[in-house]
Structures are given as C-alpha cells and as structure tokens.
Amino acid sequence: MTSEDFESLYFEYSDKIYSYIFLYIKNKEITEDLTHDTFYKAFKNINSFKGNSTIYTWLIKIARNIVFDHFRRKKVLRFFSIEKHDSRKDEITPQEILIKGEEVKLLYEAINKLKLEYREIIILRKIKELSIKEISIILGWSETKIKNTTSRALAALRKNFPKGEEDFNEKFTEMGKTL
Numbered sequence: 001m002t003s004e005d006f007e008s009l010y011f012e013y014s015d016k017i018y019s020y021i022f023l024y025i026k027n028k029e030i031t032e033d034l035t036h037d038t039f040y041k042a043f044k045n046i047n048s049f050k051g052n053s054t055i056y057t058w059l060i061k062i063a064r065n066i067v068f069d070h071f072r073r074k075k076v077l078r079f080f081s082i083e084k085h086d087s088r089k090d091e092i093t094p095q096e097i098l099i100k101g102e103e104v105k106l107l108y109e110a111i112n113k114l115k116l117e118y119r120e121i122i123i124l125r126k127i128k129e130l131s132i133k134e135i136s137i138i139l140g141w142s143e144t145k146i147k148n149t150t151s152r153a154l155a156a157l158r159k160n161f162p163k164g165e166e167d168f169n170e171k172f173t174e175m176g177k178t179l
C-alpha cells in the first residue's frame, strides 16, 4: 500500500475512528492523540491486514486496543463521564437542544452503570451500528455470544434507564444516532 493509498484511507475513516474513541475518552485532545496512534499503528502493521474483515473493522479493533492500553496506563477504568454534550445545531430550538442534552445525559448515566462487557457491546452494536460479524472479529466472540450479550445488555440498560420513559427502544435509537 502506498502512502497515498493510506492517506485516502485516513481521510475516509478518521472521523469514524475519532468518534468511536471519543465515546470512551470524552476528551478531545486525548481522543485526537489516540486516533493518531491508531492510524500510526495501522500504517506500521498494514502488511498484517489479511482481509478477513473490512478495513474499518480492523481499524476499530486497533482503536479498541489503544483505548484499553490508554486506560491501563492511566489505571483508570472510566468509560463515560457526564460532560456537556455538543449537540448538533441544525434548526432546532434552544428548548429542544436542552431536552436532547438531558436525554443524552440520562443515556450516558444509564450506560455508565453497566458492566464493561455490556457497555462495550452497546457502543459497538447500537451506537456505532457495527454488524454482529464485525463485532465478532473485534471482540473475538462467537456471533451467538454477541446476540445473547446484546439482549442482556439492552435489558440491563432498560433497567438503568429512568422510570417513566414510554418507549425505551425508540428513545435509545434516536439518541444513539446523535452521539
């Protein structure tokens, strides 16, 4: 692979990798550094890519390992901190922005209460919308385990979500797409 090919790969996937890492880190500067580290490691090891998965799945797996290395170095296992969420300002009212921000905060709080295995499956399957096959490659789990863990994670998330939410699945899907 030429450096020009890798450069186009970077431009195609860097935003997706950045947003994946940001879901764990919640700090722009560190996320930028870890995104850079992900692509550096990918460039260094491009010959080890065997084509058993998509290049995106391979990059996510590298990013996941780098995030975990970061937490091991820092001896911190904090995946979601409740910080102000930068809502996209299309053409919505300030009140809608406030409501959406509160809903995202509630979602983060509910996800933060989940055990690590459940948090990870929620991020990969529901927020990043990866396929079961892609998650299988990233986590090294069977597809059956992924399906079962997803069901259990959603049930646990539903329990952690504040009482009174009418349609949890709709809210979660709507909020997940804005993250």
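Residue numbers (UniProt numbering): 1 to 179. For every residue, glycine included, the Cβ atom is placed at its ideal position computed from N, Cα and C.
- The three-state secondary structure of Asn52, taken from DSSP, is coil.
- In the three-state reduction of the DSSP assignment, Phe161 falls in the coil class.
- For Pro162, the closest of Ser136, Thr150, Tyr108, Leu139 by C-alpha to C-alpha distance is Tyr108.
- The residue from Glu32, Arg119, Glu129 with its alpha-carbon nearest to that of Arg152 is Arg119.
- At a Cβ-Cβ threshold of 8 Å, Ile138 and Lys61 count as neighbours.
- CA-CA distance, Leu130 to Leu124, rounds to 6 Å.
- Burial of Glu134 is indicated by the presence of at least 16 other C-beta atoms within 10 angstroms of its C-beta.
- Here the C-alpha atom of Trp58 lies approximately 8 Å from the C-alpha atom of Phe49.
- A distance below 8 Å separates the beta carbons of Ile122 and Leu114.
- Phe39 counts as buried, since no fewer than 16 other beta carbons sit within 10 angstroms of its beta carbon.
- With a contact defined as Cβ atoms closer than 8 Å, Thr2 and Tyr18 miss out at about 24 Å.
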